[in-house]
Amino acid sequence: MDDLKSKYLRLIASAADEAAIEDVRVNALGKKGEISLLMRSLGTMSPEERQTAGPALNALKDEINSALAARKAALGDLALDERLRSEWLDVTLPGRNRPQGTIHPISQVTAEVTAIFADMGFAVAEGPQVESDWYNFDALNMPSHHSARAEMDTFYMHRKEGDNRPPHVLRTHTSPVQIRSMQAQGAPIRVICPGRVYRADYDQTHTPMFHQVEGLAIDKGISMANLKWVLEEFVKAYFEVDQVDLRFRASHFPFTEPSAEVDIRCSWEGGTLRVGTGDSWLEILGSGMVHPKVLQNAGVDPALWQGFAFGMGIDRIAMLKYGIPDLRAFFDSDLRWLRHYGFAALDVPTLDGGLSR
Ligand code: DAH
54 MDDLKSKYLR
64 LIASAADEAA
74 IEDVRVNALG
84 KKGEISLLMR
94 SLGTMSPEER
104 QTAGPALNAL
114 KDEINSALAA
124 RKAALGDLAL
134 DERLRSEWLD
144 VTLPGRNRPQ
154 GTIHPISQVT
164 AEVTAIFADM
174 GFAVAEGPQV
184 ESDWYNFDAL
194 NMPSHHSARA
204 EMDTFYMHRK
214 EGDNRPPHVL
224 RTHTSPVQIR
234 SMQAQGAPIR
244 VICPGRVYRA
254 DYDQTHTPMF
264 HQVEGLAIDK
274 GISMANLKWV
284 LEEFVKAYFE
294 VDQVDLRFRA
304 SHFPFTEPSA
314 EVDIRCSWEG
324 GTLRVGTGDS
334 WLEILGSGMV
344 HPKVLQNAGV
354 DPALWQGFAF
364 GMGIDRIAML
374 KYGIPDLRAF
384 FDSDLRWLRH
394 YGFAALDVPT
404 LDGGLSR
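To convert, note that position 279 of the sequence shown is 332 in this note's numbering; the numbers rise steadily by one, no gaps.
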């Protein structure tokens, strides 16, 4: 019996899984197991033999049973430990990867400008970047002999040899979208037209491609007062200040009459721009009442309708608001610059949610 006991205890100790334990149990205590058979043989013993063999066998059976149960429990613990190890999860890790890209300041500012003007009832209109010279110049009251046309450093497209029609241009401003919008929609109309424009110029504040946003509002009874209010609302919202001072300086544009360049009051304390207070003035846009000839060219009757227009440099107002010193860096695609000046990818500017926060 001692031999049986040590044999089965050894087998139980080395059983590697539940199936092995079950094998040991069947071999020892199953119907035809070694210990079961011995117990059955009790009947053939003399009463004296039975008296010592009976309790000893029962004790052996109990001992084997509890060794089996203990081994089973130990294996269960091991399996659980292993599972806990392999299924370990660091719940402090972020649930979602941080987006790697950022929104380019031009896209951000375009979205900010759009949100502000959308709130005042302006829709967004677009036009082609390769434009006919009629839309880019003539329709805007800049005929071919007009000096303003020569000042624009225009990029001209090639015509085929022998084709003497005037060449297309890379649009030099977003103003041609005024014409296209009025032709498509007539009056009344309220649109802004953001987009790329091109001029042959390159230094710290000029790149051959840059961005403008055009504004156009045509209706009955529109005056300079409406223009002034709209621009004040815009500047306050865009620069996120409560108070602004605008200065309208008489100017000249062929497509507006009268025309005004608009400055905002600001200060440059310690080299940083503050809009709203101070003794400096900063030019931010050109504007005016749309010239009757422009309305006429776009198929709108100037006897019935009038309105204002303005044009503003998106890159320029982006530089001013976000303290970006060199325009050329906007278009270098330098990742370090983009990480520094870029905006969080999922923050869409809204007036109620915050433009730039
Ligand atoms: N198109 C002008 C430019 O590129 C900007 C401009 C000035 C647009 C006055 C306008 C305006 O609509 O009324 O410099």
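For each residue, glycine too, the CB sits at the ideal point set by N, CA and C.
With a threshold of 7 Å, the Cβ atom of H226 counts as near the ligand DAH, since some heavy atom of the ligand is closer than that.
Taking 7 Å as the cut-off, one finds at least one heavy atom of the ligand DAH near enough to the beta carbon of Q265. DSSP places D143 outside any beta strand (DSSP E), giving it a letter other than H or E. Just measuring C-alpha positions, the residue of L91, D70, P181, Q104 sitting nearest L131 is D70. Between P247 and V177, the C-beta gap is smaller than 8 Å, which places the two residues in contact.
With fewer than 16 other CB atoms across the displayed protein chains lying within 10 angstroms of its CB, Q296 is exposed. Taking the Cα positions, H221 is about 11 Å away from P181.
By DSSP's assignment, M54 forms no beta bridge with any residue.
At the C-beta level, S409 and E179 stay beyond 8 Å of one another. Bridge partners of V77 according to DSSP: none are assigned. A Cβ-Cβ separation of about 5 Å places W390 in contact with A382 under the 8 Å criterion.
Beyond the five residues adjoining it in sequence on each side, F190 comes within less than 6 Å, by CB distance, of R202 in the same chain, given in chain order. In the three-state DSSP reduction, A69 falls in the coil class, being neither helix nor strand.
By the CB criterion at 8 Å, F308 and V266 fall outside the cutoff. In this structure, V315 and L299 form a Cβ contact; the two beta carbons are roughly 6 Å apart against a cut-off of 8 Å.
Partner residues in the beta bridge of Q265, as assigned by DSSP, are G248, G366. V230 is positioned such that its CB atom lies no closer than 8 Å to that of F175. Only exposed fits G96, as fewer than 16 other CB atoms lie within 10 angstroms of its CB.
DSSP places T105 in the helix class (H, G or I) of the three-state scheme. In terms of side-chain proximity, the C-beta atom of S276 is found no nearer than 7 Å to any non-hydrogen atom of the ligand DAH. With a 10 Å radius around the Cβ and a threshold of 16 neighbouring Cβ atoms, Y255 comes out exposed. T155 is positioned such that its CB atom lies closer than 8 Å to that of G395. Counting only runs of at least 3 residues, the segment 348 to 405 fully encloses the following beta strand (DSSP E) elements, listed from N- to C-terminal order: 359 to 366.
Counting C-beta atoms within 10 angstroms of its own C-beta, P158 has 16 or more neighbours from the protein chains shown and is therefore classed as buried. Residue state for M342 is assigned as strand, using DSSP reduced to three classes.
Residues Y188, A192, A351 of the same chain have their beta carbon placed closer than 6 Å to that of I232, with the five preceding and five following residues left out of the count. According to DSSP, residue pairing for T309 in a beta bridge involves F306, V343. Taking the C-beta atoms as reference points, A68 is found nearer than 8 Å to R124.
Here the segment 352 to 370 does not lie against the segment 139 to 150, with fewer than 3 beta-carbon pairs under 8 Å apart. Minimum Cα-Cα distance from K114 among the listed residues R103, A168, K58, L128 corresponds to K58.
A contact is defined here as three or more CB-CB pairs under 8 Å, and the segment 195 to 210 fails this definition with respect to the segment 353 to 372. For V230, the enclosing alpha helix (DSSP H) stretches over residues 229 to 238. The alpha carbon of Y291 has as its nearest neighbour, out of L64, R103, D405, A109, the alpha carbon of D405.
Inclusion of A240 and I275 in the CB contact set at 8 Å is not warranted, their separation being larger than that value.
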